[in-house]
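Taking it in order: structure first as structure tokens, then the write-up.
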Amino acid sequence: MATTITKTETFVGKRIRRKEDPRLITGTATYVDDIQMPGMHYAAILRSPHAAARILAIRTDAALRHPGVVAVFTGKDVEGIGPVPCGASLPGLRVPYHSVLARDRVYFVGHPVAVVVARDRYIARDALDWIEVDYEPLPAVADPEKALEPGAPAVHPEWPDNIAFTYHQEAGDVDKAFAEADVVVKQRIVSQRLIPTALETRGVVADWRSGEKSLTIYSSTQIPHLMRTLVAQALGLPENRLRVVAPEVGGGFGSKLNVYAEEILMGFVAMKIGKPIKWIESRRENFLCTIHGRGHVDYFEIAGKRDGTILGLKLKLIQDLGAYHQLLTPAIPTLSVLMMPGIYRFRNIRAEVIGVFTNCVPTDAYRGAGRPEATHGIERMVDMLAAEIGMDPAEIRFKNFVRPDEFPYATPTGLSYDTGNYATALEKAMEVAGYHQLREEQKKARQEGRLFGIGISTYGEICAFGPSPATPAGGWESATVRVEPTGKVTVLTGSSPHGQGQETTFAQLVCDELGVDIDDVVVQHGDTAMVPYGIGTFGSRATAVGGTAVYFALQALKEKIKKFGATLLDSDDVSFSGGVCICNKTGRTVSLAEIAAASYRAAKLPPGTEPGLVSTYFWEPPNFTFPFGAHIVVTEVDRETGAVEIKRYVAVDDCGKVINPLLVEGQVHGGVAQGLGQALYEQAVYDDNGQLVTGELMDYAIPKATMVPRIETDRTETPTPVNPLGIKGVGEAGTIACSPAVVNSVVDALSPLGVRHIDMPLVPEKLWRLIQKGGQA
Amino acid sequence: MIPQNFTYQAPKTLEEALALLADGTAKPLAGGMSLIPLMKLRLAAPERIVDLGRIPGLNYIREEDGKIRIGAMTTHYEIETSPLLRARCPLLATTAAHIGDMQVRNVGTIGGSLAHADPAADYPAALLALEAEVRLVRAGGERTLPIRDFFVDVFTTALEPGEIVREVVVPVEAPGTGTSYQKVAHPASGFAVVGIAARVRRGDGKIALARLGVTGLASKPFRADAAEKRLEGTDGAETDLRAAAAAVTEGVEANSDLYASAEYRAHLARVYAVRGLRSALQAA
Amino acid sequence: MKISGSYTLPAAPERTYALLQDPEALAASMPGCRELVRTAEDEYEMKMNVVISSIQGLFAGKIRVADKEFPARFRLLVEGDGKIGFLKGEGVLTLSPADGATEVHYDGEVQVGGMIAGVGQRLLDATAKYLIKRFFEKMAARVEQPS
Amino acid sequence: MTHAITVTINGKPYAHQVEPRLLLIHYLRDVVGLTGPHIGCETSICGACTVMVDGKAVKACTMFAVQADGRQILTIEGLATDGRYDPVQEAFWNEHALQCGFCTPGMILAAKQLLERNPNPTEEEIRHGLEGNLCRCTGYQHIVNAVRAAAARMGG
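Protein chains in written order, with the working numbering: chain A, 16 to 792; chain B, 8 to 291; chain C, 192 to 338; chain D, 853 to 1008.
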């Protein structure tokens, strides 16, 4: 046996700094607004200031008279294109026709009414002020519960009840469980509307080559391929004449997992004017017109025994859909239902979902997409049950966790949890936090009259979207690995990233499999002309699904490498490792670069083998993955002002195997910060007339550096058998776990005053009012 | 994101600037930290802008005759870090550190901030507590106003058309004076939900001087005279502070917005008045 | 947004009532009013240039007076529309005699839309109060003039 | 009516005719072609557009290009000298202080200013100093770590 193999460095599992960073830290990366083209024109979009109104007239002549204005398009000009696509389907789903520009009516503030095309972006903006629109304002409804009341204004006149769909799921014997319960706790819980606020707003550049009859759309998107298919359909353009490029994307969080009116519209404009066109969303437009997240009103009932056993759960979920369905709008609350049982063993569950139209921008996937709402609900209800029976919140969880020997675990909502060790994660979090000591500290604090709280959330999430039968689009992912003639390696992935770091993590996989250096690997993505069809980056899927596709492509490639190696070494017994192929008999070696060169030179092909070293794999996952973890938050509430101070934040997450711990920590930190935003600060507020009154970053507070505590992270590692890498995914974990942990902590802090529940965001005035009431009680 | 067009003038001398501003149709531009965002949102659309940024001699902090004179174009950062102010009038320097963020403090000016008169701006609380004066100039004349006469209402000052803030004058603190600026910042905008500037001095064991400037609470910043009177002559015990703080909101119509109702704002003002006074007394 | 408050005008209710519906007095007192044209009985069209320091907005709108109960109360309906947003308000003005003067109590609701609603949250309340105050101050000055 | 301006950007002189209303950020990005500074909001909150003007970190979206006439401007593109990263850039890379990277150019320049003024800042001082720069990806912890690492490297 050969012993001379030079084992190269192992990359997987190491804290490797990212390959994508040099361009980002030097300001040389190319985001959509950085693209300049000769003859480029600029678009600005006139948007409705009314939440509901009839359009009586639009006068564009004053705008068109300006020499810098090239064209103005309104609803009547775009009747042949669209609609904006909805990819989700449910039985009986009502789908309003979503035209790319309003026709005779507007349905939410920000609804696009006209698009101005001008020679520069300043004139395009000026021209918006020169267009006159006569509106006849109509009554609007912005609150989903009010929209359900009899006599509420109809968002779409054809459906006066404002109900887009209802959805029922039931398992076990819920009535029996509730009848047998010692305790039933009921609570209305709101998961408020949030604004995703990717730091880069959306933007589109469209370039029509009339000679080639081909259109290129550059868009800040998470899903270039799905966009190509859907925009081609909306424009009536053959799909192979449309190229979509996602350049550098400045954050998405689900808000760019969509196809918007503007992508279709800019494609249309480029074809009309025969010039490249650019539209960049302003922050105000981003708040008004890019999807929002959450927007639940949930009515929960939990049934349990005095010994802490959870028997069952009932839920009525009212989902604020907004005025239209964007790509996945109606599917989001169904994800909540899937995750309702959390990581607990009870079998009796009933969920009724009502999807409600409102005169607001649509809700859709925002980091966690349905799962933060579910986790927030179940984790709050478990805490409330514990409080009701006087049990420690950790103890009730230990009592009800699905046990390690029960995996794969079939949930009552039809999922199969892959692996888990929920108790271990919670034990670890309790150990890191010093839970029992904290409870002692709390006793002391309470004696001093301080409002000191400890909150736990233990979560499971459904990740690695997902097997195709369970997703609106395909759930697979593609990868191509190509060893170039010089031995350098190019990876093409369909999981186009927007900050997650696949250029590094996928390269790490390649390094270990092919024995090359990390600098020898380039990971390309985001261009439909370059990369085979792929699905995209969302739902914590990129590494678990996209990475696995890379892994399988590498396995096939290694077989081919060995074949070429065997031919070059003139041996029938070779192995490939550490970047060299070795003859197991003679110990002679040939390097990957030599093999690559020979494979393209193709002078001596192994029998039945094509030239070149390229391997493409489309991997269909057999199941989702189910990461989990436990977060513990210590808070203190200022009795005088209601202000919340986060004193400790401990996050123990289990995302299966880890390729790069540095990046995993980054995902957890970022996720926690967004969960914290929801728990403490963020809320998209529409007034009664459908005006978004948190219309700018001056009013809508996303966390600043001073508002996020230091997060103490730790991990347990329970690999999944769903993929050979054992990876589960981590993108959404922090967001899902954080908000219930914070709210549980603050409720715990205020519990001596008789507080049982508080809806997010936990703004100081709300807490102050509770403290005032408690003081009187 | 894009302002309306305007005519831009950048005079090199104050006289030239005042002449350009004399007819009241132009908008003076100082740091632009409030004006430019408003212009980008097109909530402001001045037809002519006179940039004061090219005029030498408007940016200084100097001590003269027991007073500190601060040129209108002095930036928040310069005020925040001025060794003279830190030593001789620390309240203004510490207040400046609360304004906006580092970049805004690098550019924003005291004159511009005062002229904009945002009712939640930080400076006014401190300047009121300091009993500062503002020197205003216009073509062919100037006048000096006590700061409390300068603020008229929301975004509205005593500035006449064509008139600008030339200088702000604050006292050199007498020994034994303690000051503090305490603020509840809006989590998004950073503006003061309430901001309390407290300034106290003891004499013979009693509170000899108490000054309280309040911002964010009402449609204009104000001095809480009743509270000051209630505190002066007391021992400055916790109960005295509380009694004084209670007077801060008496007769005041508090602002209400999405983040804080009038009732809560008033409550915060009282709580922060106690905290401010406590902290000022500790520093005295 | 709900708004309410009261202001005392130095004239008897009868004269105050008349002035509060007098186009000329209204035009002179409404902040930034540039034009007020009577279009029908108790209906007016107006153009306003509202200026508050740097902030400025041109509005075109309508005023309507309804439910008149001389000299005790009437309903005022105001609508304005401009590039920076729109507003629509409705309120009842109640006049009660107070030592030869009149206390005017207003109680109403204003809807604001567009840019001013989206970005003006923080100061909408204070600004509305200020504009109303300016209106009554000017009205008071006018009342004091001999008729 | 346009105005002639001359500015020195990253050590190189530029002269252009500009409309008064042209924002410095659009001047840098669209006229000069330096697209490192980004636009993330219009209300001077996010800090993605941060550049240095005469050595002071400013938000280039809240300044007109005419105001920068005659001044020295440093953008992220000019920070690495002789192909060597600034210690702040290096630290951001090492500490994984960025994900999508959109806030990064502004964040790095703000951090640089912070360290110029306070070579050995506490965690609290770092967080306070970066209040004018929003990041939606990192939760700031790695950014704070990077600033501390840069401070240590620079001998603060």
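Backbone N, C-alpha and C fix where the C-beta goes; we use that ideal spot for every residue, glycine too.
Distance, residue j Cα to residue i Cα
| i | j | result |
| --- | --- | --- |
| Arg272(B) | Ala317(C) | 13 Å |
| Val884(D) | Leu39(A) | 19 Å |
| Gln791(A) | Val770(A) | Residue placement at Gln791(A) cannot be trusted, given a pLDDT of 44 that sits under 50; what the coordinates show is reported in the next sentence. Looking at the two C-alpha atoms, the distance is approximately 13 Å. |
| Val172(B) | Leu25(B) | 11 Å |
| Asp49(A) | Arg881(D) | 8 Å |
| Val310(C) | Gly147(B) | 39 Å |
| Gly794(A) | Ser104(A) | Outside the modelled stretch of chain A, which goes from 16 to 792, sits residue 794(A), for which no answer is possible. |
| Glu328(C) | Gln951(D) | 56 Å |
| Pro973(D) | Val996(D) | 10 Å |
| Met796(A) | Ile891(D) | This structure does not reach residue 796(A), given that chain A is present from 16 up to 792, and the question cannot be answered. |
| Gly125(A) | Asn262(B) | 29 Å |
| Gln51(A) | Pro291(A) | 9 Å |
Exposed unless 16 or more other CB atoms sit within 10 angstroms - verdict on residue i
| i | result |
| --- | --- |
| Lys259(C) | exposed |
| Arg33(A) | buried |
| Pro182(B) | exposed |
| His451(A) | exposed |
| Asn374(A) | buried |
| Thr18(A) | At Thr18(A), the pLDDT of 38 sits below 50, so the modelled position is not reliable; the number obtained from the coordinates is stated separately. Exposed, because fewer than 16 other Cβ atoms sit within 10 Å of the Cβ of Thr18(A). |
| Arg936(D) | exposed |
| Ala252(B) | buried |
| Asp272(C) | buried |
Coil, strand or helix - residue i by DSSP
| i | result |
| --- | --- |
| Val295(C) | strand |
| Ile31(A) | coil |
| Val737(A) | coil |
| Cys893(D) | coil |
| Cys96(B) | coil |
| Phe88(A) | strand |
| Leu441(A) | helix |
| Met239(C) | strand |
| Ala29(B) | coil |
| Glu8(A) | Coverage of chain A is limited to positions 16 through 792, which leaves residue 8(A) absent and any answer about it impossible. |
| Ser614(A) | helix |
| Val673(A) | coil |
| Cys955(D) | coil |
| Ala162(A) | helix |
| Thr390(A) | helix |
Which listed residue (the options) has its alpha carbon closest to that of residue i
| i | options | result |
| --- | --- | --- |
| Glu277(A) | Lys459(A), Pro98(A), Phe416(A), Arg382(A) | Pro98(A) |
| Gln334(A) | Thr501(A), Leu350(A), Leu328(A) | Leu350(A) |
| Asp714(A) | Ser196(B), Asp156(B), Val144(B), Arg237(B) | Ser196(B) |
| Ile717(A) | Gly692(A), Thr505(A), Gly710(A), Asp588(A) | Gly692(A) |
| Leu134(B) | Gln16(B), Ile203(B), Leu275(B) | Ile203(B) |
| Thr495(A) | Thr344(A), Leu453(A), Ala66(A), Val538(A) | Val538(A) |
| Ile477(A) | Pro111(A), Gly710(A), Ala155(A), Ala389(A) | Ala389(A) |
| Lys503(A) | Gly308(A), Glu609(A), Phe467(A) | Glu609(A) |
| Ser41(B) | Thr241(B), Ala122(B), Thr186(B) | Ala122(B) |
| Ala44(A) | Arg988(D), Ile928(D), Ala856(D) | Ile928(D) |
Integer-rounded CB distance, given that residue j should sit under 8 Å from residue i
| i | j | result |
| --- | --- | --- |
| His684(A) | His994(D) | 7 Å |
| Leu529(A) | Gly594(A) | 6 Å |
| Val447(A) | Gly327(A) | So it is not a contact: roughly 33 Å between Cβ atoms. |
Problem set entry | Residues of the segment 102-119 of chain B whose Cβ lies closer than 8 Å to any Cβ of chain G, in chain order | Checking the listed chains, one finds no chain G in this structure; the protein chains it contains are A, B, C and D.
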